[in-house]
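Written below as structure tokens is the structure these notes are about.
In the UniProt record's numbering, the protein residues as written are 1 to 356.
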């Protein structure tokens, strides 16, 4: 049982048989759809968004088969699975010898994680080679956008090669002080420099006797931690801040929902938005349900009265489900599915995003 199996079991535990297994696949893969975004937030799984972008559907299906064969999950319908007692035991046993990274924040940093990582890798490699006056080396990435950024960054930075390398080393050393030792070692081993190449996930996994998915998770968590620290302490780490200057960590909304939100900020009514965007009522409702999940000052009372909110909340807590139909069947007939979605969004918005 490897760490990806454990992550899959964890996700299935959270979903409580209310979504299909492919909801997990889309989340881990990083599919930017309204359904994936909303499910991630509602079930407290947003931090795992795009945590395994390399995951192929064929591999995912194979892992499902393995979990069934190991009696960790059982089918409860088409593509719907329940974690068995044995499955829970697998998770607990795995956790006795492993620690799941705590600084993952997949959805928040999805648009910056991998570009930032490529920039850091190639900057480190360049600084290392320049210290030894080596100007001819093969870059660790062939991504043209990253290489164009590097040239502009070095010109704009203006430091000599020794100062650049020293500052980069000191900032990384300082920012990683609060990171678990294993994560730091995995992170550092992936850097290339003067006359040496960074190690692959497979190589690192073999050295530490762990699986490569766990190596990837530790590395990803470290990148997320660095980005978090750079956003939190904008007056520190001046060199590393330069790797993020042209990135925006924005509201995690789909592009269509963002367009609706922009109109809302201009005080356009529901009907105005429908007319301006030429979209159906149900589509705008989808957008509002998405916006309600992520916008802190979303006015729930504009759409649901206080009494209706209390009734929906009472039924939600009683049934302990995020499925809409069971809740709709229990509340007053005047309450709509749309109103239920908004209240559920409000109730789950503040859910703590952790492994626990």
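Each residue gets a CB set at the ideal place from its N, CA and C atoms; glycine is no exception.
Subject >> Length-filtered (4 minimum) alpha helix (DSSP H) runs lying within the stretch 164 to 204 >> reply: 181 to 189
**OP:** Would you please state the rounded distance, in angstroms, between the beta carbons of residue 227 and residue 112? I believe it to be under 8 Å.
**Re:** 6 Å
Original post:
Who are the near neighbours of residue 286 in its chain, counting only those whose CB is closer than 7 Å to its CB and skipping five residues on each side?
Top reply: 34
Original post:
Among residues of its own chain, excluding the 5 on either side of residue 177, which ones have a beta-carbon nearer than 7 Å to its beta-carbon?
Top reply: none
Original post:
Is the stretch 110 to 128 in contact with the stretch 136 to 152, if contact means three or more CB pairs nearer than 8 Å?
Top reply: yes
Original post:
When burial is assigned at 16 or more other CB atoms within 10 Å of the CB, is residue 305 buried or exposed?
Top reply: exposed
Subject >> Cβ pair count under 8 Å reaching 3, the stretch 91 to 109 against the stretch 2 to 11 >> reply: yes
Original post:
In three-state DSSP terms, what is residue 304?
Top reply: coil
**OP:** Compare the Cα-Cα distances from residue 185 to each of 164, 219, 244 and 312 and report the closest residue.
**Re:** 219
**OP:** Return the residue from the list 156, 224, 137 and 242 that minimises the CA-CA distance to residue 196.
**Re:** 137
Original post:
What three-state label does DSSP hand residue 242 in the structure shown?
Top reply: coil
Original post:
If you follow the alpha helix (DSSP H) that residue 37 is part of, which residue opens it and which one closes it?
Top reply: 34 to 42
Subject >> residue 73, enclosing beta strand (DSSP E) - first and last residue >> reply: 73 to 77
Original post:
So which of 141, 152, 119 and 161 has the shortest CA-CA distance to residue 135?
Top reply: 161
**OP:** Report yes or no: do the stretch 70 to 87 and the stretch 17 to 24 share at least 3 C-beta pairs separated by less than 8 Å?
**Re:** yes
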